[in-house]
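Below is one structure, written out as structure tokens, with a few remarks after it.
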Amino acid sequence: MITANINGIPVKVRRGTTILDAAKKINIKIPVLCKHPDLDSTAACGICVVKNAGSGKFLRACCTPIEEGMNITTHDNELHEVRKTVIELILSNHPNDCLQCARNNNCELQKLAADFGIREYPFHQLKKGLQPDYSTKIINLVADKCILCGRCINVCQNIQNVWALSFLDRGIKTRISAAGDINLADSPCIKCGQCSAHCPTGAIAEYDETEKTWKALYDPDKYCVVQIAPAVRVAIGEAFGYPEGENLTGKLYAALRKLGFKAVFDTSFGADLTVMEEATEFIQRFVHKKGPLPLITSCCPSWVDFMEKYYSDMIEHFSTAKSPQAMVGVLSKTYYAEQNNIDPSKIFMVSIMPCTAKKYEITRSEEMFASGYQDIDVSLTTRELSRMIKQAGIDFVGLEDGKPDHILGDYTGAGVIFGATGGVMEAALRTAHYYITGENAGIMDFESVRGLKGVKETTVEIDGNSIKVAIAHGIGNVEYVLNKIQKAIAERKEIPYHFVEVMACPGGCVGGGGQPYGVTDKLRISRSQGLYLDDEKQDFHYAHENPYIKKLYNDFLGKPLSEKSHKLLHTFYNPRPLYRK
Amino acid sequence: MKVILLKDTDGKDREGLFHDKVLDALQKEGISDKWKLVRVVDIGIYNRGVALKILPAGFTYTDLTEEDIPGIVRKSIKEGKEIKEKISSVKDKQVKIVLRNCGVIDPENIESYLETGGYQGLKKVLFEYKPEESIEELKISGLRGRGGGGFPLWMKWNFARKTRSDEKYVICNGDEGDPGAYMDRSVLEGDPHSVLEGMLVAGYLVGAQKGYFYIRAEYPLAISRVQKAVDDAQEYGLLGNNILGSDFSFSIEIRLGAGAFVCGEETALIASIEGKRGYPSPRPPYPSVKGLWGRPTVINNVETLANVPVIFTKGGKWFSKIGSPTSKGTKVFALTGKIKNSGLVEVPMGITLREIIYDIGGGMLNSYDIKAVQTGGPSGGVISKEHLDTPVDYENLQKLGSIMGSGGMIVIDESDCMVDLAKFYMNFCVDESCGKCAPCRIGTTQMLEYLDSISKGKASQEDIAKLKKIAAAVKKASLCGLGQTAPNPVLSTLRYFEEEYLEHIRDKKCRAGKCKELLEYTIIQEKCRRCSLCFRNCPVSAISGNNKEGFVIDNEKCIKCGNCFEVCKFEAISRG
Amino acid sequence: MPKLTKDNLEAYAKKAAAHKVKDVIRVGMSTCGIAAGAEEVYEVLKNEVRQRNLGIEIQKCGCSGKCYAEPLVEVIVKDLPAVVYGKVDKTFALAIVDRHVINGELLNDHIFDVQEANGDEK
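Next up, the structure:
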């Protein structure tokens, strides 16, 4: 343990603790800008500078370990002057057009400028004049607004291991770009949106499709329907002042109806359906040996994109089941339309997702048009929805809880936990257990798959069968799992896992690229907790017990992996080049 | 070998009278067949009238008159006696330790190095001293890092030595980037083995088995000579396994820079070797604890390493006797600028600037007075002429607002503009800033904008305060030494020459005549022949008039392109 | 080439101590010298010495610090001190061979340094 003084207050911390964290312990907040709790410090901005008695040198609190006997001053006139000047310098190289920026009112630079009472731009305004990159129509790179904190690069290279983003040029000309100075759409980018989730300013933001949605909602010719993903309900509250992780499912249903949607569905229903199809797939491969193991989940479109680009030799391991959103989408224009006598060509299907890559998924391949139309017309992020609710003048907090359209809206606890890492695996195992033994497992039987550890490896025993599973979240953690599998296959040894779940975003969908800003591990945990609590209070906890799922198979699909299921609810994969053109 | 050297050190004896006088005197004394008289270009003495040196005795006489000659020829040359009243007190002030072999040995031949006692230092360290004794020897010597940091060498090596690790590394920093500094290049080109020997000693003492030479790609000759030295050392068993029969093994790889000044900074250099973007990292942890590939790494400057073998062959105590109380040993300076003898000089620490400039450098290049001396490159500052008698060492230069740096020393005269100088260095920093941290990236660009507008007469009074404000932020909040020292030239020139800045701002005048936009062009009516050549060549029609009444330049319209000045055949246009 | 041991390194040390300098011409061949034209001077000297069968070695050396006077050529022949000529061009190089090496003459107005030839270093 180290003992030191900060602003005259003694503090005792473990060796290796940074000055920033040590100060937090005694409720001293040192201002930061480029530091993000998820990431190692890049030490780029120079705002967190502090002094140690006896030296005129400034130290960066975010990365300097506090040492025995240090006498740190975090705030004095000189430090304040220097910090303010650094902010003014950053602002002198920034467009400062907050009023038309994607991060207006929600920007870390804006907040810092406000806290420091910036009232003038004392220096020359240096324009960057860089072209924005809207090529993906999912993630916008507005390099002019970039303050070069390095977070996006750190995330894309070190956490996600995708290496699509890079710094180019040097000095004042440094800019972020897809590596190789190409369009993001032509790069290995998997659209996971973690870059935008970590960006402190409006430099990286989602491609806003709310206008498109408004247009459809106001079009008398269109029949607008909506589905809402599991992870959204425990995060939307952050935009309205609710505590972290609060489950606002009922209010969301009500708000969506007030927005003008004629039917409100729940992607958790789709999740239950995915479990049915995928668990059946797993039984086929594991019990009946009809297909290679391990089976790897495919409901995460970033993960699918990554696999098609980097590990296309493992395509045969992928579950061909579509993602929950895609399943609800196709059914809304077939099953739902039929049942309610609505012309499917008039249906406008909107999905609200914690995810940016879902915008990519909806036109990914021709199977996304299995209904005969584009199954999902627009995919919006949680952030876009919160803006729409505000634009519509809906008093979210004052809403009475609403209800979904049961046909594609009722879900079990198994479906809703899809939003947390390990959730898909847990839900699938619950149903696999039933398929193998004829009985239901306890709902906490597979608890070992929960939690934020990057790679979770465990074995579950079902009726004498040892099923080895692995759950990875954050694409950076996938390499370990895949290499282990590939090595075993190459050496003709026993495969290390039978069933693998991958989520591209750390924490799973609760930490998705489209969720409200400011994600930290603490938030990931509270949001996941919200989902697990929802599971506990549901009437049903097993996908196969969902009455509306049973009805769907009875009346429409037949059974899991039937011909109709395959046509509507399954998809194919193809190798894709890392770099286009 | 009886030789008489003759030099008219202040150029007043245009007709060469003294040469003839000496010849006559030699003849009169009957010894003209025994002595060779030669007029030399440089006798090591400057501005001391006619000087004469007699070899092999070594008697040197200065400020001679024609009347002195016969007496000197008889007494000192013929009779070999010293004439005490006339003997010159001027001594050669250079002490060649680092440059001991440069200009003497063949740098491409290892035998040449061995024959001057090369690798004897390594031998002592391997076989005669215990490692702790070697470290102690370095401590006694007082050798401090010559790259600019001035950190005690023994301490840096000791940190690395004491840190436990499976692998450790030694890196020689040959990324010399200061404009005008080329000491390291000359050592690498002229005596590469001395640096290699230093690295081997370092490797043995810290426990490293691998070394890297990081040389900037713009030094191809240095690279090829170092490569040859490494290859030869390998062949002779001075690299590889069991060096000189000991149990010490060491190998060396050469890595090239790629045009980034920032990669001379330790942590950026490490990133470069690791194949990453040349960005510095925060320190602590320091490289000697956690450096290349996360292992203990010592990084030393070329000049520092070249000193190491001598400390062991001649002893740390011997070394510590040279220099000043806080700064032991010598320093190689690249003496350039408005100086007669521009080149490399190696002097003991504690020598004054005046001695360097006038006793070694030969004095000012032309008729302009000295104004200041710039030391430390883009990280340093200026020392105004009032301080020329300051003994040069790390602490003294810092007190004056400059730094020793790697050894750049630029002599500035009255025809140089201090604003222009600050602008030059700031431009360099803007170009070379890696861009990682906001204070340096944006702060230096802003400072350059202000300096530029000052040099163009477009600045306002508050701009100096703004410059100082930004300088404070850049100095304190930058991540690495490049940013932290980038404001030094500005702050230093403001400290001693603020009036010059104010002249640019308030009076829109550049007294040195360097800032183009502030020059005023005027037609000297008395010289003007009314040929209208200037009128016809002005691109903005700022000249008006006719062949009868003459011409006049409108300074409001004038864009200071200098065309009229260039085309006038009668030197009738003045500029200033 | 057998590898050096600490003992045969001694032999070099002894040779160093004895320090007999034989006749040699050294041409400054660092970047400063080469930029000023030293490569040409080196070639001219080598050819001339070979053609005239003079048995004096032409060596490359590094930068002694007198960069303002490059190309520098140091001439060490017996009975004369070591003389450093500066700003040497092709023509002057030939004069050095002709008059200094062969004739033992010291050439006026080109000398930048003179030392005792048995290497009394400063």
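Protein chains in written order, with this note's numbering: chain L, 1 to 581; chain C, 582 to 1157; chain U, 1158 to 1279.
Even glycine gets a Cβ: it sits at the ideal position worked out from N, Cα and C.
Being a predicted model, the structure only gives us computed values, none of them experimental.
Residue closest to residue i, alpha-carbon to alpha-carbon, out of the options
| i | options | result |
| --- | --- | --- |
| alanine 414/L | Asn546/L, Lys322/L, Ile236/L | Asn546/L |
| valine 155/L | Gly474/L, Lys581/L, Ser371/L, Ala441/L | Gly474/L |
| glycine 771/C | Ala803/C, Leu916/C, Leu777/C, Lys791/C | Ala803/C |
| proline 773/C | Glu799/C, Pro1070/C, Asn1128/C, Ala887/C | Ala887/C |
| isoleucine 6/L | Pro65/L, Met70/L, Cys355/L | Met70/L |
| aspartate 614/C | Val621/C, Ile585/C, Asn628/C | Ile585/C |
| lysine 1108/C | Ala1153/C, Ile653/C, Ile1134/C, Tyr1077/C | Ala1153/C |
| proline 95/L | Glu67/L, Pro65/L, Cys62/L, Pro132/L | Pro132/L |
| cysteine 1224/U | Gly684/C, Val671/C, Trp874/C | Gly684/C |
| glutamate 884/C | Val679/C, Ser1041/C, Phe914/C, Ala814/C | Val679/C |
| alanine 370/L | Leu399/L, Met327/L, Tyr411/L, Glu338/L | Met327/L |
| glutamate 316/L | Asp521/L, Pro577/L, Thr571/L | Thr571/L |
Straight-line gap, residue i to residue j (C-alpha atoms, nearest Å)
| i | j | result |
| --- | --- | --- |
| lysine 1172/U | lysine 1179/U | 13 Å |
| isoleucine 236/L | threonine 421/L | 19 Å |
| threonine 917/C | glycine 958/C | 12 Å |
| lysine 145/L | glycine 202/L | 6 Å |
| phenylalanine 58/L | isoleucine 635/C | 59 Å |
| tyrosine 517/L | isoleucine 854/C | 37 Å |
| valine 416/L | methionine 353/L | 13 Å |
| glycine 150/L | isoleucine 72/L | 27 Å |
| alanine 441/L | phenylalanine 286/L | 18 Å |
| isoleucine 90/L | glycine 56/L | 24 Å |
| glutamate 1167/U | aspartate 687/C | 21 Å |
| isoleucine 28/L | isoleucine 9/L | 10 Å |
| glutamate 400/L | threonine 74/L | 47 Å |
| alanine 231/L | threonine 17/L | 33 Å |
| lysine 493/L | isoleucine 436/L | 26 Å |
Nearest-angstrom beta carbon gap, residue j and residue i [assumed within contact, 8 Å]
| i | j | result |
| --- | --- | --- |
| tyrosine 949/C | serine 908/C | Not quite, the Cβ-Cβ distance comes to about 31 Å (not below 8 Å), so this is no contact. |
| serine 298/L | valine 304/L | 6 Å |
| arginine 620/C | histidine 600/C | 6 Å |
| valine 1241/U | aspartate 1270/U | 4 Å |
| glycine 728/C | leucine 734/C | Going by Cβ atoms, the distance from glycine 728/C to leucine 734/C rounds to 11 Å, so no, they are not a contact pair. |
| methionine 425/L | glutamate 501/L | 4 Å |
Beta-carbon spacing of residue i, residue j below 9 Å
| i | j | result |
| --- | --- | --- |
| leucine 1161/U | tyrosine 700/C | yes |
| valine 301/L | alanine 229/L | One detail in the question is off: residue 301/L reads as proline in this sequence, not valine. Not in contact: proline 301/L and alanine 229/L (Cβ atoms no closer than 9 Å). |
| serine 528/L | arginine 580/L | no |
| serine 862/C | threonine 848/C | yes |
| glycine 402/L | leucine 259/L | no |
| serine 92/L | leucine 126/L | yes |
| threonine 363/L | glycine 514/L | no |
| arginine 766/C | threonine 1248/U | no |
| alanine 504/L | glutamine 157/L | no |
| threonine 590/C | lysine 705/C | no |
| valine 963/C | methionine 999/C | yes |
| valine 1258/U | valine 1232/U | yes |
Neighbour flag for residue i against chain A, beta carbons, 9 Å
| i | result |
| --- | --- |
| aspartate 221/L | This model lacks chain A altogether, as its protein chains are L, C and U. |
* To do: Indicate whether the contact test is met: 3 or more Cβ pairs, each with one atom in the region 874–883 of chain C and one in the region 737–756 of chain C, closer than 8 Å.
  => Yes, the region 874–883 of chain C is in contact with the region 737–756 of chain C.
* Contact between the region 1104–1117 of chain C and the region 1049–1056 of chain C: three or more CB pairs below 8 Å? -> Contact annotation: the region 1104–1117 of chain C does not touch the region 1049–1056 of chain C, with fewer than three C-beta pairs closer than 8 Å.
* To do: Determine, using beta-carbon pairs with one atom in the region 167–176 of chain L and one in the region 225–233 of chain L, whether at least three such pairs fall under 8 Å.
  => At 8 Å Cβ cutoff, the stretches do not touch.
* Count the C-beta pairs between the region 101–118 of chain L and the region 1092–1106 of chain C that are closer than 8 Å, then say yes if the count reaches three, no if not. => No contact exists between the region 101–118 of chain L and the region 1092–1106 of chain C.
* To do: Indicate whether the contact test is met: 3 or more Cβ pairs, each with one atom in the region 331–348 of chain L and one in the region 173–183 of chain L, closer than 8 Å.
  => As far as the Cβ criterion goes, the region 331–348 of chain L does not touch the region 173–183 of chain L, which means the pair count is below three.
* Quick check: the region 835–855 of chain C against the region 23–40 of chain L, are there 3 or more CB pairs under 8 Å? -> No: fewer than three Cβ pairs fall under 8 Å.
* Asked: Quick check: the region 374–391 of chain L against the region 198–216 of chain L, are there 3 or more CB pairs under 8 Å?
  -> Yes: the two stretches touch, three or more of their Cβ pairs being nearer than 8 Å.
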